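Notes follow the structure.
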Amino acid sequence: MRSFLTALPALALAFALASGRANPSQEIKSMNVKRITPVLLVKDIEPIVPFWVDRLGFAKTIEVPDGNKLGFVAFQKGTAEVMYQTYASVEKDAPSSMSAQARKGPTYLYMEVDNLDAVLAAMKDAKIVMPVRTA
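Numbers given in my numbering equal positions in the sequence shown, counted from 1, plus 314.
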């Protein structure tokens, strides 16, 4: 713990020095982002599991309990990944200034698929709230 607390100020100093460099675009070009995954916040995770697993064929790759319920879960299919965390779990994990914002707005997820008919067939008895748009 002590080495972490020592490393933290050093890391902050390194960021401060890096931000003052003459050509930060060179460093940005060399940065490799391997993946960006949305973490969607919900009241309960259990009701969404069948949607991702049974309807869309995603695998549940991470599951973190929070008491007798799920607090966090990740689903993956190929290179596509989405994560969910409950509001209650965020409120326990995050600083209060951040967790207070967790319930303040909707989140939308855009999906591009190669076979819309297959997706619509998988959703045949689900409530569709947005009309299909193809271009």
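All residues carry an ideal CB built from backbone N, CA and C; glycine is no exception. Remember, it's a predicted structure, so these values are computed and weren't measured experimentally.
Quiz item: Going by the CB atoms, is the gap between L355 and A408 shorter than 8 Å?
Solution: In this structure, A408 sits away from L355, with a CB-CB distance that is not shorter than 8 Å.
Quiz item: Under a three-way DSSP split, which group does V396 fall into?
Solution: Note: V396 maps to strand in three-state DSSP.
Exercise. Determine the burial state of T421: buried for a count of at least 16 other Cβ atoms within 10 Å of its Cβ, exposed for fewer.
Key: T421 comes out exposed.
Quiz item: Taking K348 as the reference, which of S403, G419, T393, A432 has the closest Cα?
Solution: Taking the Cα of K348 as reference, the smallest distance to any Cα among S403, G419, T393, A432 is reached at T393.
Quiz item: Looking only at DSSP bridge pairs, what is K391 linked to?
Solution: Within the DSSP secondary-structure output, K391 pairs in a beta bridge with A394.
Exercise. Rounded to whole angstroms, what's the CA-CA distance from T351 to S410? Just pull it up for me.
Key: Rounded to whole angstroms, T351 to S410 spans 23 Å at the Cα level.
Quiz item: Given A388, which residues of its chain have a CB within under 7 Å of its CB, disregarding the five upstream and five downstream residues?
Solution: Here the set comprises T375, I376, E395, M397.
Exercise. Figure out for me which residue from I442, V378, K441, V433 has the closest Cα to the Cα of G371.
Key: For G371, the closest alpha carbon among the candidates I442, V378, K441, V433 is that of V433.
Quiz item: Cβ of Q399 within 8 Å of Cβ of G385?
Solution: Cβ atoms of Q399 and G385: closer than 8 Å.
Self-check item: In DSSP terms, what A373 is bridged to
Solution: In the DSSP output, where bridge partners are listed per residue, A373 has Q390.
Quiz item: Is the Cβ-Cβ distance between R369 and M437 less than 8 Å?
Solution: In this structure, M437 lies closer than 8 Å to R369 by Cβ.
Quiz item: Can you check whether the CB of A402 is closer than 8 Å to the CB of K391?
Solution: No; because the gap between Cβ atoms is not below 8 Å, this pair is not in contact.
Practice problem: Apply the 10 Å Cβ neighbour rule to V378 and answer buried if 16 or more other Cβ atoms are within range, or exposed otherwise. | Solution: Under the 10 Å beta carbon count, V378 is surrounded by fewer than 16 other beta carbons and is classified as exposed.
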